[in-house]
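Colleague: Okay, here's the structure, questions in a sec.
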Amino acid sequence: MGGIRLQRAISFLAVIGLVLLSAALISATSTDQYQVYLLGNWTAPFGIVLVLDRLSALMVTVTSVLAVGALWYAMTTNTDKKGEHFHILFQLQLFGLNGAFLTGDVFNLFVFFEVLLLASYGLLLHGNGRLRTKAGLHYVVINLIGSTLFLFAVGVLYGVLGTLNIADMAAKIAVAPQEDLGVIAAAGLLLLVVFGVKAAMFPLYLWMPSAYANTSAPVAALFAIMTKVGIYSIIRIHGTIFGSEAGELAYYYAPWVLGLGLITLLLAALGVMAARGLREQVAYLVLASVATLLIGVGLMSPAALNATLYYLIHSTLIAGAMFLLADVVLRGRGTYEDRFESGSCMPNAILIGSVFMIAAIAMTGMPPLSGFFGKILILSAALDDAWFAMITSVVLVSGLITILSMARTGSLIFYKVLPEESVPASECGKPLNRMAFIAVIGLLLASPVLVVFAQPITAFTEATANQVFNSAVYIDAILTTPAVTEESK
Amino acid sequence: MEWLISLAIGVLTASGVYLTLRAYTFPVVMGLTLLAYAVNIFLFSMGRLTVGLPAVIDKTAEVAQYSDPLPQALVLTAIVIAFGMTAFLIVLALKARGELGNDHVDGLDVESESHSNKGVK
């Protein structure tokens, strides 16, 4: 393990730098200008482009903030020493995520997906364990199938449209002949399946709870953004290609996303209720938040997308905090681990329990924290939808189920805690790692921040949503970006 | 040529899907490999099947038709990625075999169910 201190220093400085850089990216997008970078100075659609707009900048920022929390927790609990190459895989994961958020080319998106997946395979299996290997095998196989389907969809789209640049594809679909529309629609839905695997959409979510529940806590926390990559891809690819310009195919995928989102939400709520351990329960809570986001995307209006993005920031950071908190509980309970059995001995139970209550309030969407406002925004955006009654009842009923389940969890774990003197020390958990607990608190602070600064944040997400819906400007900005010449340098 | 290629893609995909749905890791790996082959040929054929056409090399040459270079680049990328992923999956399958004690994808103890395997352990 020589040089772990150096690795830690480099890794941590890199994520801090990433936070600063993404803050700069956010301010660079505030003028509504698209920042287009032509790789190899080939103009679109012939070369690969990297595109920075408000949506990309937002995603990169959320990722970097989450990464700081996860990395801090990994370092303070020595998780990164449990196997080789943790920091390299961690940085590669961030590289893949940021690349996926910034690319403007569908095949390049596939490549970045593979980069982030390969890093995630390594991270998921980091630290060994029987259940971890089993869950990892499922995760790898389902994602390999997803990659194959991605290539099939990309192949069809290239065969029909003759381009892979997202902006150019959107422009070509607008003028596509009638007989090609069926093939394009099928390829679009195939892409939806691929992103559904990433986002853990019904019926493709079965890999997700066991993979997230059995991996190490910092990795699970970082993976809170992985499901959002799927959501982002649906917003970016489908929202642009099959946007308002697409004629007959405009938003034809939205009912699928909405319907499957509703089913996912119900099943996730049942999963939260049926979970046998805290980590599994948190994984289902992440699934519920993903389903809520899918509903927001499926509503397909700027107001709904605004709400979705607000809820996305909230749910990613709070889910990360919840995974770390579940690990804190697990470490504190000794032989009881995170199973729902009462009567363990747990040092600092009052502090951990109080933080758990606040996190549960944020996660289940109760006032006064940000989950409540996110859900209110999504529901009020759904008011005009034909499915309003359905959406409201599913969201509210599943919300009630999760609140009840979390209340039960809290009382089972924290109400009957035995004093440390009454049980043998071997059965008692380790005392609280206060340095590691900082990461939990830090990520949880996102919730009050999102409430206090709700006005500027929703102003930003509103501008983002409007920018996404204005896909004509996106197409125009990318296709007209000139190559850099000697004079312009 | 078209029907041969499409038949090959179809057979490879069907076999790949069938094998991927098997319950043991080795057929699953084989199935994923076949699926990767199928998608590679599929991607390649998406540049349209052409015979004897030049690549885009010469700027001055006046050719009405040329073979599309982009799918070839895509296939190269896809081959490399699929190859790497398959290698990783095989190592993972071996690790699972070692840790779970059998090569079932769910790590189940299926020996009690199949009588023919009794006594092998």
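So the protein lines, in turn, are chains C and R. By the count of my numbering, the first sequence reaches residue 784 at its end, each step adding exactly one. By the count of my numbering, the second sequence reaches residue 692 at its end, each step adding exactly one. The C-beta atom is built at its ideal place from N, Cα and C for all residues, glycine as well.
So, is serine 688/C buried or exposed, given that buried needs 16 or more other C-beta atoms within 10 angstroms?
Modeller: exposed
Colleague: With DSSP as the reference, please indicate the residues paired to histidine 675/R in a beta bridge.
Modeller: Tyr595/R
Colleague: Three Cβ pairs or more, each shorter than 8 Å: is that satisfied between the stretch 595-614 of chain C and the stretch 689-707 of chain C?
Modeller: no
Colleague: Please confirm whether any heavy atom of the ligand HEM lies closer than 7 Å to the CB of isoleucine 696/C.
Modeller: The model depicted lacks the ligand HEM and carries no ligand whatsoever.
Colleague: Using only alpha-carbon positions, find the residue among Lys467/C, Ser306/C, Trp337/C and Phe385/C that is nearest to glycine 538/C.
Modeller: Comparing Cα-Cα distances from glycine 538/C to each of Lys467/C, Ser306/C, Trp337/C and Phe385/C, the minimum goes to Lys467/C.
Colleague: So for arginine 491/C, helix, strand or coil by DSSP?
Modeller: Reading off the sequence shown, one finds glycine at residue 491/C, where the question assumed arginine. Here glycine 491/C sits in helix by DSSP.
Colleague: Which same chain residues, not among the five before or five after tyrosine 548/C, have their C-beta less than 7 Å away from its C-beta?
Modeller: Excluding five sequence positions before and after tyrosine 548/C, the CB atoms of its chain that fall closer than 7 Å to its own CB belong to Gly483, Leu484, Leu487, His533 and Phe537, given in chain order.
Colleague: Does the stretch 630-644 of chain C come within contact of the stretch 718-736 of chain C, defined as at least 3 CB pairs closer than 8 Å?
Modeller: yes
Colleague: Alpha carbon to alpha carbon, how far is valine 571/C from lysine 523/C?
Modeller: The residue asked about is misnamed: residue 571/C is arginine in this sequence, not valine. Straight-line Cα distance between these residues: approximately 25 Å.
Colleague: With a threshold of 8 Å, are at least 3 pairs of Cβ atoms found where one atom belongs to the stretch 640-651 of chain R and the other to the stretch 576-583 of chain R?
Modeller: Under the Cβ criterion (8 Å, minimum of three pairs), the stretch 640-651 of chain R does not count as touching the stretch 576-583 of chain R.
Colleague: Quick check: the stretch 424-434 of chain C against the stretch 487-506 of chain C, are there 3 or more CB pairs under 8 Å?
Modeller: yes
Colleague: Would DSSP call threonine 398/C helix, strand or coil?
Modeller: strand
Colleague: For chain R, check one thing: does any of its Cβ atoms lie closer than 8 Å to the Cβ of lysine 493/C?
Modeller: By this cut-off, lysine 493/C is not an interface position.
Colleague: Taking only the alpha-carbon atoms, compute the straight-line gap between aspartate 622/C and serine 706/C and give it to the nearest angstrom.
Modeller: In this structure, the straight-line span from the alpha carbon of aspartate 622/C to that of serine 706/C is close to 18 Å.
Colleague: Are any of the Cβ atoms in chain C nearer than 8 Å to that of phenylalanine 659/R?
Modeller: yes
Colleague: Could you tell me whether the Cβ of methionine 656/R comes closer than 8 Å to any Cβ of chain C?
Modeller: By this cut-off, methionine 656/R is an interface position.
Colleague: With glycine 556/C and leucine 589/C assumed to form a contact (beta carbons below 8 Å), what rounded beta-carbon distance in angstroms separates them?
Modeller: 3 Å
Colleague: For a contact meaning CB atoms closer than 7 Å, what does leucine 439/C contact in chain R?
Modeller: Leu603, Met656 and Leu660
Colleague: Using a Cβ-Cβ distance under 8 Å, would lysine 429/C count as near chain R?
Modeller: yes
Colleague: Just to confirm the assignment, what range does the alpha helix (DSSP H) spanning leucine 432/C have?
Modeller: Here the alpha helix (DSSP H) through leucine 432/C covers 425-456.
Colleague: On the DSSP bridge list, what partners appear for cysteine 640/C?
Modeller: Leu713/C
Colleague: In the DSSP assignment, what residue or residues form a beta bridge with glutamine 330/C?
Modeller: As DSSP reads the structure, glutamine 330/C sits in a beta bridge with Leu347/C.
Colleague: Rounded to whole angstroms, what is the Cα-Cα separation between isoleucine 558/C and phenylalanine 709/C?
Modeller: 32 Å
Colleague: Within 10 angstroms of its Cβ, does alanine 667/R collect 16 or more other Cβ (buried), or is it exposed?
Modeller: buried
Colleague: Taking the alpha helix (DSSP H) that phenylalanine 764/C falls in, what are its first and last residues?
Modeller: 749-764
Colleague: Starting from the Cα of asparagine 423/C, find the closest Cα among Leu315/C, Phe381/C, Leu446/C and Gly342/C and give me that residue.
Modeller: Phe381/C
Colleague: Hey, leucine 590/R and leucine 605/R: beta-carbon distance below 8 Å or not?
Modeller: yes
Colleague: From the DSSP output, in three-state form, read off glycine 629/C for me.
Modeller: Three-state result, glycine 629/C: helix.
Colleague: The alpha helix (DSSP H) spanning tryptophan 551/C covers which residue range?
Modeller: 549-569
Colleague: Under a CB-based cut-off of 8 Å, is phenylalanine 447/C close to chain R?
Modeller: yes
Colleague: Strictly under 8 Å for the Cβ-Cβ distance: is leucine 432/C near chain R by that measure?
Modeller: yes
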